[in-house]
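J.:
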Ligand SMILES: [Zn+2]
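Numbering (the working numbering), first residue to last: 15 to 398.
1) For residue 13 and residue 46, I'd like the C-alpha separation in whole angstroms.
2) For residue 121, verify whether its CB is less than 7 Å away from any heavy atom of ligand 1.
3) Checking the sheet assignment: what are the DSSP bridge partners for residue 362?
4) Can you tell me whether residue 286 is buried or exposed? The criterion is at least 16 other CB atoms within 10 Å of its CB, across all chains shown.
5) Taking only runs of the beta strand (DSSP E) that begin and end inside the region 112-148, which ones reach a length of at least 3 residues, in chain order?
6) Determine whether the beta carbon atoms of residue 377 and residue 118 lie at a separation below 8 Å.
7) In the DSSP assignment, what residue or residues form a beta bridge with residue 50?
8) Using a Cβ-Cβ cut-off of 6 Å (strictly less than) and excluding sequence neighbours within five positions of residue 374, which residues of its own chain qualify?
9) Please state if the CB of residue 218 and the CB of residue 9 are separated by a distance shorter than 8 Å.
10) Which residues in the same chain as residue 82 place their Cβ atom closer than 8 Å to its Cβ, once the five residues preceding and following it in sequence are excluded?
11) Got a sec, what are the start and stop residues for the alpha helix (DSSP H) residue 268 sits in?
12) Could you tell me which residues DSSP pairs with residue 108 in its beta bridges?
13) Tell me residue 60's beta-bridge partners as DSSP assigns them.
14) Looking at the strands, I want to know which residues DSSP matches up with residue 22.
15) Could you tell me whether any non-hydrogen atom of ligand 1 is closer than 7 Å to the CB of residue 24?
16) Let me make sure I understand the geometry here. Which of 365, 185, 341 has the alpha-carbon closest to that of residue 22?
17) Excluding the 5 residues flanking residue 224 on each side, which residues of the same chain have their C-beta closer than 8 Å to its C-beta?
18) To the nearest whole angstrom, what separates the beta carbons of residue 247 and residue 275, a pair I think is in contact under 8 Å?
19) According to DSSP, is residue 383 helix, strand or coil?
20) Take residue 78 as the anchor and find which of 166, 60, 249 has the nearest alpha-carbon.
21) Along the chain, where does the beta strand (DSSP E) that runs through residue 342 open and close?
22) Which residue from 150, 193, 121, 92 puts its Cα closest to that of residue 314?
23) Of all the alpha helix (DSSP H) runs that stay within the bounds of the region 198-285, which reach a length of 4 or more residues?
24) Assuming residue 122 contacts residue 29 (C-beta within less than 8 Å), just tell me the rounded distance between them.
25) Nearest-angstrom Cα distance between residue 339 and residue 333?
26) What does DSSP give as the partner residues of residue 86 in its beta bridges?
As structure tokens, this is what we get:
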């Protein structure tokens, strides 16, 4: 018997019931998946986080031969704190053809479909590899070690399909995200003695303006990636913290910023240019007043963009399975760029709309669940 919508729905309910908000452990969910797979004769390999609180899961269904397909998704979800939910976020509720719950859309339904189909994957000639990660929502932190383990353990797959919600459109390019923290160290003095101090707050303000200039130049002159909204690499400062009192020249200020880059305009040169600007133009000026002053910038998160490739076996496969002939590009960051950086052909294609992701009363329509199920059934058939 091939598993159908009823089995998928039950699996969605099971997965959503685990509160896997990124700050929590995901081990209960991973344990559940491991038992489910083992009941169907599939072994799992866990790749745990440094603190042992979280794990990625890697499992191969079918023969251990090259040319398989990786179905990849994250197990964590974004928080519900402060959001106005009308239902319990961790209990799936059906209303008007929609399943409501945290992660129904982003992205436990994709995982639930793959897991529910495992009992029907008895005749695979080429394998399906399941790759479940942790900490995607806080900067794709789990996936790099998952990918390393994958490359070391499994015969090279032909394609990676990352099941982020795209409404079953096939996505061949996404922006990356680099998150940075810049710390400015100034020199304290009484605020009446401005000639004796160096204000970290004022220096940070100048640096933020410099970044804003870089961002505006890109918005005006590109480079642009067609089909992405907005089409250029963006640079954005999200938080600033500095100073202790209005009458003290601030000794410390730090600000967090991100670069959401298209593949045509990657973050590395932007960061290099910014560091050079700090080292050559800003810091020498500060040190003329106080030698202890400085500016440092640390890279906190580095998830690369997914670059569109014309000859991409993953793209051809996903288009064939989804019955579409054009690929889309999206502005949000995902794990597909990390797979591509490791030399694997990747696309994003999954059920649900990104419009509902991260929202209160997050939902997926049953139509999208069906479409995702049909897609993965066709994948199983094509590998059998
Ligand atoms: Zn997601």
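Yeah, the Cβ is synthetic: ideal placement off N, Cα and C, and Gly gets one too.
T.: Working from what's here:
1) Outside the displayed span of the chain (15 to 398) sits residue 13, for which this structure offers no information.
2) By 1-based counting over the chain shown, the position of residue 121 is 107. Result yes, Cβ under 7 Å from ligand 1.
3) Counting from 1 along the chain shown, the entry for residue 362 is found at position 348. Looking at the DSSP assignment, residue 362 forms a beta bridge with 176, 185.
4) In the chain shown, counting from the first residue as 1, residue 286 sits at position 272. So residue 286 counts as exposed.
5) The qualifying runs are 112-114, 142-147.
6) On the chain shown, position 363 is the one that residue 377 refers to. On the chain shown, position 104 is the one that residue 118 refers to. In this structure, residue 118 lies closer than 8 Å to residue 377 by Cβ.
7) As a working note, residue 50 is residue 36 in the chain shown. Answer by DSSP bridge pairing: none, since residue 50 is not bridged.
8) The residue given as residue 374 occupies position 360 in the chain shown. Exclusion of the five residues before and after residue 374 leaves 97, 98, 99 as the residues of its chain whose Cβ lies within less than 6 Å of its Cβ.
9) The structure shown does not extend to residue 9, since the chain is modelled only from 15 through 398, so no value can be given for it.
10) Start at 1 with the first residue of the chain shown, and residue 82 comes out as number 68. Closer than 8 Å at Cβ, skipping near neighbours: 74, 76, 140, 141, 142, 143, 168, 169, 171, 172, 397.
11) In the chain shown, the residue the question calls residue 268 occupies position 254. Element bounds for residue 268: not the alpha helix (DSSP H) but the beta strand (DSSP E), 266-274.
12) By 1-based counting over the chain shown, the position of residue 108 is 94. In DSSP, residue 108 forms a bridge with 113.
13) Start at 1 with the first residue of the chain shown, and residue 60 comes out as number 46. Answer is 71.
14) Here residue 22 corresponds to residue number 8 of the chain shown, with the count starting at 1. According to DSSP, which records beta bridges pairwise, residue 22 is partnered with nothing at all.
15) Position 10 of the chain shown, counted from the start, is the residue given in the question as residue 24. No, Cβ of residue 24 sits at least 7 Å from all heavy atoms of ligand 1.
16) For the purposes of this step, residue 22 is identified with residue 8 of the chain shown, where counting begins at 1. Out of 365, 185, 341, 365 has the C-alpha closest to the C-alpha of residue 22.
17) Here the question's residue 224 lines up with position 210 in the chain shown. Within the same chain, residue 224 has close Cβ partners 288, 291.
18) Looking up residue 247 in the chain shown gives position 233. Looking up residue 275 in the chain shown gives position 261. So it is a contact: roughly 4 Å between Cβ atoms.
19) Here residue 383 corresponds to residue number 369 of the chain shown, with the count starting at 1. Annotated three-state conformation of residue 383 is helix, per DSSP.
20) In the chain shown, residue 78 corresponds to position 64, counting from 1. Closest option to residue 78, Cα to Cα, is 166.
21) The residue you call residue 342 lines up with position 328 of the chain shown. 342-344 is the extent of the beta strand (DSSP E) around residue 342.
22) The residue you call residue 314 lines up with position 300 of the chain shown. The shortest Cα separation from residue 314 among 150, 193, 121, 92 belongs to 193.
23) 214-235
24) For this step, residue 122 is matched to residue 108 along the chain shown. For this step, residue 29 is matched to residue 15 along the chain shown. Correct: roughly 4 Å between the Cβ atoms.
25) What you label residue 339 is simply residue 325 of the chain shown in a count that begins at 1. What you label residue 333 is simply residue 319 of the chain shown in a count that begins at 1. Approximately 6 Å, taken between the alpha carbons.
26) To locate residue 86, count along the chain shown from 1; it is residue 72. DSSP links residue 86 through a beta bridge to 145, 176.
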